[in-house]
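A short write-up of the structure that comes next.
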RNA sequence: GACCGCUUAGCUCAGCUGGUAGAGCAACUGACUUUUAAUCAGUAGGCCGAGGGUUCGAAUCCCUCAGCGGUCACCA
């Protein structure tokens, strides 16, 4: 890249560039000894990946995209799984939960997989994480805490922490309540007898031998090495340990972890390292501005978003000012999709400097794939779907061709995906509100007439001919000119189960003449009204 | 108790390297259509929470206050 480009990027004020510059500053503008700048995200595998997981990885990727723009130093993303953590309670909706019940407090990676598909419960959830991330095409390296501990990768850092045991302990204590302070230890020994991760006071530390002494569950004084996976660090020091051992250059976290990360930063200093750059993103709220909690079931899940909109739009949402709390509910989806689309559209015509202020730049790493092109907004598609009674993608495409003759599912695959989401939206939000009624005698006569007229139409009849038949059927069955509106409304209510609808001629053309005849006959037979 | 965020049009929000207030939706008007909806074009709408300060100039920077909300203090 040219120096001009770099300069423009160095002055860019968007948050990912602010963050990227902080990384560059941390590493002093030169490649670290490990050869790359390390970006980390953390994951707790006692649950499944969720919208927060996505947000963190997406946002970290945005910072990396910015970093690559201002520096030639390689950048690497590690998604770290805290899979040696002890299982504290049994998650809901898990088969064979008695397996988990009988293994509480043991490291996740030694608990048998209740799904029976992986080496352990931890491995199972790690695999789910990877599947999840791979779906969106994230570029990352997976790292297991258990492996880091067992392989000795953390040994040096653990011994270091043992030498500084008291300092580390003192760093954490101010953050804790009185009760917890009494028993707190940065080291959690794993009982050689039960295999459980124990939260017990440490009786002795032996830095020279590299061991600690504690009282096991049966009361026996036990001495074990802190290295090799015999001891796990409590989560706050564990975070610091990881930062120190891996030399993490960047990690963001939620505001809920703010004080914890400050403590972790202090611990890294105690160990002689330097804490990573990073900021704290705010949490998501529901439409009333209240905190999203799983037990309340408010807010929006990842699955819900992805049912009605593409993941790119969620990534766009994640781009928007992460430092302030945002309401995450259904109504923000269409807007997010359309704003994403307008950024995509704007990119090719923008100057370099403007492009760096374009959200799409961060989502796609600077280059927008041609496949993302769409000439139609999502809001329009949603309106089209409900106005035109369109419950299948092909019909919707028929309408799209009227607006934009050049677009096809093949040359606009992103639009084709949007069509699918619009149909889904129609099925879930429009269809259930339909209420069909039976026609009165005049309506019935007119509709029967309409069906006959349609049957009599020549095969190559055009839209105008169809529209004319609709009017004629009304006029010749007792509707005066000023009553035609009622005739159309009757069609919508009896045939489509709604009070409004598309121009009926257009509807027949797209829905199909034969299909329309069937629709009329079914309605007159009471198939819809009965069902409703 | 400690720390943080928000307050801008009827609604949801953008604008935060200080330079005559913006978008979407809603409303209203018009065009088009042998109904409506949709679509397109346009109009209107704001003491930018309150008070003070810095400045030639503040929605924007600083201080104080108010209202709302959040996080941590048991676990991670």
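In this note's numbering, the protein residues as written are 5 to 536. C-beta atoms are modelled at their ideal positions from N, C-alpha and C, and glycine is treated no differently.
- For a cut-off of 8 Å, the C-beta gap from residue 378 to residue 419 is around 4 Å, short enough to register as a contact.
- Within the same chain, 458, 461, 465, 470 come within 8 Å of residue 517 by CB-CB distance, once the 5 residues on both sides are set aside.
- Counting C-beta pairs closer than 8 Å gives three or more between the segment 423 to 432 and the segment 308 to 319, which meets the contact rule.
- In the structure shown, residue 235 falls within a strand segment according to DSSP collapsed to helix, strand and coil.
- A contact is defined here as three or more CB-CB pairs under 8 Å, and the segment 284 to 291 meets this definition with respect to the segment 245 to 265.
- The segment 132 to 150 makes contact with the segment 43 to 63; the number of CB pairs closer than 8 Å reaches 3 or more.
- The segment 139 to 148 and the segment 61 to 74 touch, with no fewer than 3 CB-CB distances between them shorter than 8 Å.
- In the structure shown, residue 485 falls within a helical segment according to DSSP collapsed to helix, strand and coil.
- Residue 101 and residue 118 do touch by the CB rule: their CB atoms are close to 7 Å apart, below 8 Å.
- DSSP places residue 310 in the uninterrupted alpha helix (DSSP H) bounded by 306 to 312.
- With a beta-carbon spacing of about 5 Å, residue 230 and residue 166 fall inside the 8 Å limit used to define contacts.
- Less than 8 Å divides the Cβ of residue 59 from the Cβ of residue 322.
- Pairing residue 341 with residue 382, the inter-Cα distance amounts to about 7 Å.
- Inclusion of residue 366 and residue 20 in the CB contact set at 8 Å is warranted, their separation being smaller than that value.
- Secondary structure note for residue 47: its beta strand (DSSP E) is the uninterrupted segment 41 to 47.
- One thing to note: residue 239 has its Cβ no nearer than 8 Å to the Cβ of residue 279.
- Between the alpha carbons of residue 182 and residue 110 lies a gap of roughly 26 Å.
- Within 10 angstroms of the beta-carbon of residue 414 lie fewer than 16 other beta-carbons, which makes it exposed.
- Contact between residue 44 and residue 172 does not hold, since the beta-carbon distance rounds to 20 Å and is not under 8 Å.
- The Cβ neighbour count for residue 193, taken over all protein chains shown within 10 Å, is at least 16; the residue is labelled buried.
- Going by C-alpha positions, residue 263 is about 11 Å away from residue 180.
- Residue pairing by DSSP places residue 67 in no beta bridge whatsoever.
- Around the beta carbon of residue 184, fewer than 16 other beta carbons lie within 10 angstroms, which makes this residue exposed.
- Residue state for residue 447 is assigned as helix, using DSSP reduced to three classes.
- Residue pairing of residue 208 in beta bridges, as defined by DSSP: 217.
- Contact between the segment 89 to 99 and the segment 353 to 367 is absent, with fewer than three C-beta pairs closer than 8 Å.
- 8 Å or more divides the Cβ of residue 348 from the Cβ of residue 309.
- Between residue 399 and residue 514, the C-beta spacing is below 8 Å.
- Inclusion of residue 443 and residue 500 in the CB contact set at 8 Å is not warranted, their separation being larger than that value.
- Going by C-alpha positions, residue 360 is about 12 Å away from residue 71.
- Of the residues assessed, residue 149 falls on the buried side of the cut-off, its CB having 16 or more other CB atoms within 10 angstroms.
- Membership of residue 227 in the beta strand (DSSP E) is indicated by the continuous run 225 to 229.
- Counting the other Cβ atoms within 10 Å of the Cβ of residue 178 gives fewer than 16, which makes it exposed.
- The Cβ atoms of residue 449 and residue 491 do not sit closer than 8 Å to each other.
- Annotation for residue 52: no beta strand (DSSP E) segment contains it, and DSSP assigns it neither H nor E.
- As the crow flies, the alpha-carbon of residue 249 is around 25 Å from that of residue 196.
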